[in-house]
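Be aware that the sequence shown starts at 11, since it is given in the working numbering, and climbs by one per residue. Just below is one structure, and these are the notes that go with it.
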Amino acid sequence: MRANWNDNEIKQLFEIVEKNKENNLSTLQSFKEYSTLSNRNTFSIRNFYYQYVRFLNKNPQNASKLGIDLSKHSVQSFEHFSEKDKTELKKQIEGLTEKGFSVRNACEKLANGNIKEMLRIQNKYRSLSAKPKQAKVIPFPKQKTQNNKLSDEDIKSLFMGLVKLVKENEKASLQSDLKLLVSKQEQQKRKELVLLEQKQVEIEMLKKEIAELTNKNKKLNEILANYRINFVKNSPINTNN
């Protein structure tokens, strides 16, 4: 979830967002401002911010610990890519691919390791990069008429053209069915990935709780050890000696 973000960095980012909102500046401006301060990727900051707002909405106790007022933070603008977001996304992914990243790895980097968001970014990039398909047009031979009649060669050419067109339509239909099947499989895969992501968040929270309990246990052991030492020192046997 945090992707190497510490508490101070998170608080600084949220404070910048709150400050700019009070000054009627866009959230995107806040991400750019923090990018300059932290040398982090603007789009990566954007993704982390919205992911963490959602996380805090589900875990308000963490917001209280960080001193974050959730009423000043919203995820409404996260549902859709704005035109500026699309331009920025395409630019940053292409910049990373020029450095040797695969498209998938570039999307994963921008998503801060969030599987669901990585798929969302990857799908959006593919739609932005896809070239419009050109309609297939099968040229028919020019009709050479003699006494307003088609020759046998013309009829044969027209028939072969129609056969080819029927085959193309059948192929397109099969491709459409295949795409539908793949789409259903992708939807199922995404659902599984979302569940996996939720489990990852739960695991991270459990790790943190275990670390806190371990620390408390260590302190209790230290207190108990000191108590035993003091008890032995102050026991009647040691006093008589």
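Yeah, the Cβ is synthetic: ideal placement off N, Cα and C, and Gly gets one too. Source: prediction; values computed, not measured.
Q.
Going by DSSP in three states, Ser87 sits in which element: helix, strand or coil?
A. Here residue 87 refers to the residue found at position 77 of the sequence shown. Note on Ser87: pLDDT 48, under 50, position unreliable in the model; no value is reported.
Q: Kindly indicate which three-state DSSP category Asp79 falls into: helix, strand or coil?
A: By one-based count along the sequence shown, residue 79 stands at place 69. Here Asp79 sits in coil by DSSP.
**Q.** Chain-order list of residues whose beta-carbon lies under 7 angstroms from that of Leu262 (same chain, five-residue window excluded)
**A.** Absent from the model: residue 262. The displayed extent of the chain is 11 to 251, so no value can be given.
(Q) Given this structure, state the Cα-to-Cα distance separating Lys228 from Leu76, to the nearest angstrom. (A) Start at 1 with the first residue of the sequence shown, and residue 228 comes out as number 218. Start at 1 with the first residue of the sequence shown, and residue 76 comes out as number 66. Cα to Cα, the separation comes out at about 24 angstroms.
Q) Which two residues bound the contiguous alpha helix (DSSP H) that contains Lys109? A) As a first step, residue 109 is located in the sequence shown; it is residue number 99 there, counting from the start. The continuous stretches of alpha helix (DSSP H) do not include Lys109, and DSSP gives it neither H nor E.
Q) How do the segment 199-210 and the segment 122-133 stand: do at least 3 beta-carbon pairs fall below 8 angstroms, yes or no? A) yes
**Q.** beta strand (DSSP E) runs contained entirely in the segment 18-102, provided each spans 3 or more residues
**A.** none
Q. Rounded C-beta distance between Lys96 and Lys31? I'm assuming under 8 angstroms.
A. Counting from 1 along the sequence shown, the entry for residue 96 is found at position 86. Counting from 1 along the sequence shown, the entry for residue 31 is found at position 21. Contact flag wrong, Cβ pair sits at about 23 angstroms.
(Q) Helix, strand or coil for Gly171? Go by DSSP, reduced to three states. (A) In the sequence shown, counting from the first residue as 1, residue 171 sits at position 161. Of the three classes helix, strand and coil, the one that applies to Gly171 here is helix, per DSSP.
Q.
So, with DSSP's three-state summary, where would you put Ser137?
A. Position 127 of the sequence shown holds residue 137. Looking at Ser137 - three-state DSSP - the assignment turns out to be helix.
Q. In three-state terms, what does DSSP make of Asn122?
A. Reading the sequence shown from its first residue, position 112 is the one you call residue 122. Here Asn122 sits in coil by DSSP.
Q. Residues in its own chain within less than 6 angstroms of Asn225 by CB, not counting five upstream and five downstream?
A. As a position in the sequence shown, residue 225 is number 215, starting the count at 1. Hits under 6 angstroms: none found.
**Q.** Reference Phe91; option with closest CA among Thr107, Gly110, Asn57, Phe111
**A.** Counted from its first residue, the sequence shown places residue 91 at position 81. When each option's Cα is compared against that of Phe91, the closest is Asn57.
Q) How would you label Phe53, buried or exposed, when you count the other beta carbons within 10 angstroms and need 16 or more for buried? A) By 1-based counting over the sequence shown, the position of residue 53 is 43. That one is buried.
Q: Classify Asn179 as helix, strand or coil using the three-state DSSP reduction.
A: For the purposes of this step, residue 179 is taken as residue 169 along the sequence shown, with counting starting at 1. Residue state, collapsed to three classes: helix.
**Q.** Three-state secondary structure (DSSP) of Ser245
**A.** Reading the sequence shown from its first residue, position 235 is the one you call residue 245. Reduced to three states, the DSSP call for Ser245 is coil.
Q. Going by alpha carbons, who is nearest to Tyr59 out of Asp17, Glu93, Asn33?
A. The sequence position of residue 59 within the sequence shown is 49, counting from 1. Here the closest residue by C-alpha is Asp17.
**Q.** Rounded distance between the beta-carbons of Tyr44 and Ile55, thought under 8 angstroms
**A.** Here residue 55 corresponds to residue number 45 of the sequence shown, with the count starting at 1. Here residue 44 corresponds to residue number 34 of the sequence shown, with the count starting at 1. So it is a contact: roughly 6 angstroms between Cβ atoms.
Q. How many Å lie between Ile125 and Leu38 at the Cα?
A. Position 115 of the sequence shown, counted from the first residue, corresponds to residue 125. Position 28 of the sequence shown, counted from the first residue, corresponds to residue 38. For Ile125 and Leu38, the distance between alpha carbons rounds to 23 angstroms.
Q: Check whether the Cβ atoms of Lys119 and Leu106 sit closer than 8 angstroms, and answer yes or no.
A: Taking the first residue of the sequence shown as 1, we reach residue 119 at position 109. Taking the first residue of the sequence shown as 1, we reach residue 106 at position 96. Cβ distance < 8 angstroms, so Lys119 and Leu106 count as in contact.
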